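Participant: Residue numbers (UniProt numbering): 1 to 56.
1. Specify whether the segment 12–22 and the segment 31–45 touch according to this definition: at least 3 beta carbon pairs, one from each stretch, less than 8 Å apart.
2. Going by C-alpha to C-alpha distance, which of 5, 15, 26 sits closest to residue 37?
3. Do residue 17 and residue 39 have their CB atoms nearer than 9 Å?
4. With H, G and I counted as helix, E and B as strand and the rest as coil, what does DSSP make of residue 53?
5. Does DSSP put residue 27 in a helix, in a strand, or in coil?
Set out below in structure tokens:
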């Protein structure tokens, strides 16, 4: 389960990076902010997974 969660979190981070890039290219600040939020969420979840792995 942990491996699947890690992949989902990484996908969320990459999706956020894509949204941020498109937002920058089109001048859409809302999309850019949404992308940054997705990246932050993915990074936070990945950090949580790493903490769980340490205590296994």
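We put the CB at the ideal spot given by N, CA and C, even for glycine. The model shown is predicted, which means the values in this text are computed figures rather than measured ones.
Facilitator: Let me lay it out:
1. The segment 12–22 makes contact with the segment 31–45, as at least three CB pairs between them are under 8 Å.
2. Distances from the alpha-carbon of residue 37 to those of 5, 15, 26 put 15 closest.
3. Yes, the pair counts as a contact, with Cβ atoms nearer than the cut-off.
4. The answer is helix: DSSP assigns residue 53 an H, G or I state.
5. DSSP places residue 27 outside both helix and strand once states are collapsed to three, so it counts as coil.
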